[in-house]
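**Q** Start counting the sequence shown at 30; every next residue gets the next number (my numbering). Ideal Cβ positions, reconstructed from N, Cα and C, are used throughout, including at glycine. Mind having a look at this structure? Questions to follow.
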Amino acid sequence: MNPDLAGLRTGDLDTREEHLYRLLDRARDHDDPSAIAALRAMVRDYPDYHRSLFTRAMNQAAVFADPGLRGPLLDALADTRYNCQAWAAMGCAAMGVREAVPHLVDLLDHPQWIAVDEAIKALGVLGDVSAVPALRPLLGDGAEWVRQRAADALARIGGPEALEALWDEFEHRRFPRIGYIASGLALFTPDIIPRLVEAAADRDPNRRYWAAVALGSTGDERVVPTLERLQAEDRGATVFDGEVRVAAKKALRTVRRIQAAVAARAGQA
30 MNPDLAGLRT
40 GDLDTREEHL
50 YRLLDRARDH
60 DDPSAIAALR
70 AMVRDYPDYH
80 RSLFTRAMNQ
90 AAVFADPGLR
100 GPLLDALADT
110 RYNCQAWAAM
120 GCAAMGVREA
130 VPHLVDLLDH
140 PQWIAVDEAI
150 KALGVLGDVS
160 AVPALRPLLG
170 DGAEWVRQRA
180 ADALARIGGP
190 EALEALWDEF
200 EHRRFPRIGY
210 IASGLALFTP
220 DIIPRLVEAA
230 ADRDPNRRYW
240 AAVALGSTGD
250 ERVVPTLERL
260 QAEDRGATVF
270 DGEVRVAAKK
280 ALRTVRRIQA
290 AVAARAGQA
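Next comes the structure, spelled out in C-alpha cells:
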C-alpha cells in the first residue's frame, strides 16, 4: 500500500490526524501528486476511515478537489450512519457538486445545527436558484444565526426570486434588527439603489434606518446625497433606540471605506 495512504489507516488516531495534516500541507503548498492521490482515495472509500479524518479533510477539500469525488461525496451526504453529513456538505460546496442541491435542501431539517449551517452555506456557494424556495422560510427562523446564514445564501445565489425574498423581509421586518438583510440587499447593487433611496424617505424611521445601513454597504457614490441628508436632518429613532442620523453617518464611512478598498485593489492590478 502507498505509504501516504497507509498512514491514514495505521497508528493511533492522533498519529493518523497528524499524517493527514502533513498530506494536506503537501497538497496545498507543493501540489504533491502522492498526497493528493491519498486524500482522494480516502474520500472515495470514506467508510473505511475514521470520521475524524474525513471531517478534517473536508475543511480543506478545495486542496484536493476532483470531479471523480462527486459520487462518494453524495453518498456521504446521505449517510446517516457515518454521521458526517455536515462535512460532506462542505466538500460538495468546495468541489462544486451541484447534484447535491436536493440533498442539501433535505438537510435544512436536520437535528444537528452544524448540518443545517453547512447545508445553508453550501447552497449559497453552489448558487442554484432552485434552493430559493427552501431558504426563504429560514428568514423567519427563531434562531438569528439561521436567519443570517439564509440571508447570506440568498444574496450569493442572486436573481429576482432571492431579491424579492430579502426585500419582503426588509419591508415587513419580523425582527427588530435586520442588519443581515440590509447587507444582503446591498449585494444587488445597482438595481436595488432606487428602492433603498425611496425607503430612506419613508415615514417609518425603522425603514429609513435599515435603508441607510444598506445604502452604505453598496459602496456606491450615488447614495451619498441621500445619506448626507439623513445625517443632517433625520432625528428618527428605531424600536431599539437606534438613531437614523447615526446610521447614516456610519453608512457614509462605510461607503468611503469600500471605495478606498476598491481604489487600492485597482492600483495593485
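For E272, write down the residues that DSSP places opposite it in a beta bridge.
**A** Note: E272 sits in a beta bridge opposite A266.
**Q** What residues in its chain sit with their C-beta under 7 Å from that of R127, if we drop five residues either side in the sequence?
**A** Excluding residues within five positions, the ones whose Cβ falls inside 7 Å are L155 and D157.
**Q** Report the option in H139, Y75 and L281 whose CA atom is closest to the CA atom of G245.
**A** Closest by alpha carbon: L281.
**Q** Assuming L164 and A179 are in contact, meaning their beta carbons sit under 8 Å apart, how far apart are those beta carbons, in whole angstroms?
**A** Correct: roughly 5 Å between the Cβ atoms.
**Q** Are L214 and F204 touching if we call contact CB-CB under 8 Å?
**A** No.
**Q** Helix, strand or coil: how does DSSP classify Y50 here?
**A** Three-state result, Y50: helix.
**Q** Name the residue from L102, R45 and M124 whose alpha carbon lies nearest to the alpha carbon of Q114.
**A** Cα-wise, what sits closest to Q114 is L102.
**Q** Runs of 4 residues minimum, wholly inside the segment 82 to 166: which ones carry the alpha helix (DSSP H) assignment?
**A** Complete alpha helix (DSSP H) runs here, min 4: 99 to 107, 114 to 123, 130 to 136, 142 to 155 and 161 to 164.
**Q** Is W116 buried or exposed, if buried means 16 or more other CB atoms sit within 10 Å of its CB?
**A** Buried: at least 16 other Cβ atoms inside 10 Å.
**Q** Residues in the same chain with beta-carbon distance under 6 Å from A243, minus the five sequence neighbours each way, listed in chain order, please.
**A** Excluding residues within five positions, the ones whose Cβ falls inside 6 Å are A211, L214, A215 and L225.
**Q** Does the Cβ of T109 have 16 or more other Cβ atoms within 10 Å, making it buried, or fewer, making it exposed?
**A** Classification for T109: exposed.
**Q** At what residues does the alpha helix (DSSP H) containing R224 begin and finish?
**A** That run of the alpha helix (DSSP H) goes I222 to A228.
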